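Notes to accompany the following structure.
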Amino acid sequence: MKFGKIAFVIGYSIGAMALARPGLAADTPQQAELRSEVAAKGWIAYSARSKNGSWDLFVSRPDGTSRRVLTDTPDFEEAAPRWSLDGRQLLYRRIAKGTEINHDLWGFQGQLIIANADGSDPVIMGDDQQLPWASWSPDATQLICLNRKGIDIVDIATKNVIRSMPRKGIYQQLFWSADGKWLTGTGNIAGKSWKVVRMNAETGELNPVDAGQSCTPDWCSDSKRVIYSSRPPEQKTNKGYGWTQLWVADGDGQNGSLVYGEEGVHIYGGAMSPDDHYVLFTKCTEDGGGAEKTGGPMFIMRFNDTPAITGESAEMRSIHPNTKDGPAIEFGTGWEPCWTYAEILQGR
Amino acid sequence: MYKNLVVSYFRPVAILLLLGGLCLSCSKESGPVADGKSATTAGDDQIASQGAYEITAKLLEIPGELPDDPLYNYAFVFKYEIVNVIRGELDSKIVYIGHYKPLEPRDTVADVSSGEVGGNLKEFRAGDIHHMALEVPIDDYFMGGIVNRYFEENTGPIYWAVWTNRAAD
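Here the protein sequences line up with chains B and C, keeping their order.
Here the first sequence is numbered in this note's numbering, starting from 1 and rising by one per residue.
Here the second sequence is numbered in this note's numbering, starting from 1001 and rising by one per residue.
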């Protein structure tokens, strides 16, 4: 055995002990290598249940270490954190205590809060249900919001609506690409519902991204590809309902391909690392992502190790016979994770 | 033009009285509908206060299987032939109307996604005549999945069914 391999095995053993995570299986060497690889790559924010039962916001290193709470507020439910692209600010929704977070309607729930990236100095941006589905503009000076009447672009400093446009059937989860040219959301198009769509931010022109039943899209940082959850119709498992999988496609709908799937769980919370090298997702045995309960276990994979299928997943493997099946590491339990490479806790 | 064809004499005043176990129907002032049957039922008075449009219309068909997925809230677009326009102006004899989760009875279908919708209709059946309060366009009143199998056929507006009663037999 060469020195490098010996060193890795010793390091892996020490690391496995140091990273012992209650309730989680020990890492394989491949998982340990991935965990070590991402450990110092910024922070992941997510919503999770606190010990008191309420939803709070947490951050951890991508390897699952250094977990800490950002909003220790038993009198509120905080959910859906999203860092600005520069990693300096964080937006999320603060919802009345005891409210069930609805996986399809959470963007309408509670107040929008904007805080520093570490959760400090939270500012209430509006009343309950105002600024629905708010998400960042690329430069974090504006918000894009989605309501029944249309899409509003709101100046954060003045809270004025500076531009409105028809929503053209989009009804959930609206996000702006890093280059500012595109929006993606879940909507109705060509008579069909539950479609991930792309909208030209200037002209409002709309096109489908995915042909199946799909939702919860997010942009890759290249502003060209969209990652999203999809439940392809050809599945016969799960009593014909099938399993929700993570997919990626070009914004124009071309080159759609599986990222991750596993029969027995539904995959949601798909998001990319800031450099598109890694992918985040959650698993949930019940469809919907788990917002109504406790979320689900959260995972990281190298994007280059996808497409991947875990477990027996016989039908899925028959449809996708050439998967890479690289390692995935679990780093906690939660809902709607997002990733920044910024060092958000400096000075805390 | 189906502009207020019978608005002057169509009055949704059907009242059911239960007396000693007997159900007696009061006389109605309802206008005739296409099949000669009355257009109103008990509870129709509620429709008069809902929506910008009030019509009776015949459900022409059930366009394929209705989605049966309790996780996903959606509206389903049906094609109707107008029988009477009671309130509002509609320019076409055929209208396309989105109903929220049509597999469920109207009196229990409302939820946080739909807002206030209701009625006494239990089941959607081709050929039935419905007495409805409507709004338009659907996107201004419902923000969710819309299954529209008439997408290629209809380029006009889709109405939103606020209240849906089955017209009396």
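For each residue, glycine too, the CB sits at the ideal point set by N, CA and C.
Quantities reported herein were computed from a predicted structural model and do not represent experimental measurements.
Just to make sure I have the definition right: I need the residues of chain B whose C-beta is within less than 7 Å of the C-beta of residue i. Which are they?
i	result
C/Met1143	Arg148 and Tyr171
C/Tyr1074	Ser193
C/Val1085	Per Cβ cutoff of 7 Å: no residues; C/Val1085 is ~26 Å from chain B at best.
C/Val1109	Within 7 Å Cβ-Cβ: nothing; C/Val1109 doesn't reach chain B, min ~16 Å.
C/Ile1097	Under the 7 Å cutoff, chain B gives no residues; its nearest Cβ is about 15 Å from C/Ile1097.
Look at the Cβ atom of residue i, then the Cβ atom of residue j, and state whether they are nearer than 8 Å.
i	j	result
B/Gln89	B/Ala45	no
B/Met316	B/Ile309	yes
C/Ile1082	C/Lys1093	yes
C/Thr1075	C/Ile1138	Here the sequence assigns Ala to residue 1075 of chain C, which means Thr is not the residue at that position. In this structure, C/Ile1138 lies closer than 8 Å to C/Ala1075 by Cβ.
B/Met199	B/Ile227	no
B/Thr282	B/Gly264	no
B/Pro74	B/Ser47	no
C/Asn1165	C/Asp1044	yes
C/Lys1101	C/Val1109	yes
C/Leu1059	C/Phe1124	yes
B/Ala201	B/Arg225	no
C/Gly1098	C/Ile1158	yes
C/Asn1084	B/Asp104	no
B/Asp287	B/Thr333	no
B/Arg61	B/Trp83	no
B/Leu174	B/Pro138	no
B/Pro232	B/Gly251	no
B/Leu280	B/Ala271	yes
B/Glu77	B/Thr99	yes
B/Arg148	C/Asp1140	yes
Mind checking which residues open and close the alpha helix (DSSP H) that includes residue i?
i	result
C/Asp1044	Asp1044 to Ile1047
B/Lys319	Contrary to the premise, residue 319 of chain B reads as Ile rather than Lys in this sequence. Ala314 to Ile319 is the extent of the alpha helix (DSSP H) around B/Ile319.
B/Leu34	Pro29 to Val38
Name the DSSP bridge partner or partners of residue i?
i	result
B/Leu280	B/Ala271 and B/Ile300
B/Asp218	B/Ile227
C/Arg1166	C/His1130
B/Asp152	B/Cys145 and B/Ser164
B/Glu78	B/Arg94
C/Glu1135	C/Trp1160
B/Thr333	B/Pro297
B/Arg88	BP columns for B/Arg88 are empty, so no partner.
C/Gly1118	C/Trp1163
B/Asn200	B/Trp182
B/Val123	B/Ile114
B/Gln213	B/Arg231
B/Gly340	Correcting the residue type first, residue 340 of chain B is Thr in the shown sequence and not Gly. Its beta-bridge partners are B/Trp43.
B/Lys192	B/Ile189
Quick one: list the residues of chain C neighbouring residue i, beta-carbon separation under 7 Å, in chain order.
i	result
B/Asn255	Correct list: empty, because the minimum Cβ distance to chain C is about 25 Å.
B/Asp287	Leu1071
Taking the beta strand (DSSP E) that residue i belongs to, which residues open and close that run?
i	result
B/Thr158	Neither: B/Thr158 is in no beta strand (DSSP E) and is coded neither H nor E.
C/Tyr1087	It should be noted that the sequence gives Arg, not Tyr, for residue 1087 of chain C. Tyr1074 to Arg1087 is the span of the beta strand (DSSP E), which, as asked, contains C/Arg1087.
B/Ser47	Trp43 to Arg49
C/Tyr1096	Ile1094 to Tyr1100
B/Val259	Ser257 to Gly261
B/Gln235	Note, B/Gln235: premise wrong, no beta strand (DSSP E); not H, not E.
B/Ile113	Gln111 to Asn116
B/Asp56	Trp55 to Ser60
C/Glu1054	Tyr1053 to Leu1059
B/Gly187	Trp182 to Ile189
B/Trp176	Ile170 to Trp176
B/Trp243	It is not in any beta strand (DSSP E) - B/Trp243 carries neither H nor E in the DSSP assignment.
B/Pro208	Leu206 to Pro208
C/Gly1145	Gly1145 to Val1147
At 9 Å on the CB atoms, spell out the chain B contacts of residue i, in chain order.
i	result
C/Val1112	Asn102, Leu105 and Phe108
C/Asp1140	Arg148 and Lys149
C/Ile1094	Ordered by position in chain B, no residue passes the 9 Å Cβ test against C/Ile1094, which lies about 17 Å from the chain.
Along chain C, in chain order, which residues have C-beta atoms closer than 8 Å to that of residue i?
i	result
B/Ala190	Phe1151
Given that residue i touches chain B, what residues does it touch there, using C-beta distances under 8 Å?
i	result
C/Val1117	Correct list: empty, because the minimum Cβ distance to chain B is about 15 Å.
C/Ile981	Here chain C covers residues 1001 to 1169 and nothing more, so residue 981 of chain C does not appear.
Against chain B: residues of the segment 1149-1161 of chain C by CB proximity under 8 Å | Arg1149, Tyr1150, Phe1151 and Glu1152
Using a Cβ-Cβ cut-off of less than 9 Å, list which residues of the segment 1124-1138 of chain C approach chain B; keep chain order.
-> none
Cβ-based contacts, 8 Å cut-off: residues of the segment 1047-1061 of chain C near chain B = none
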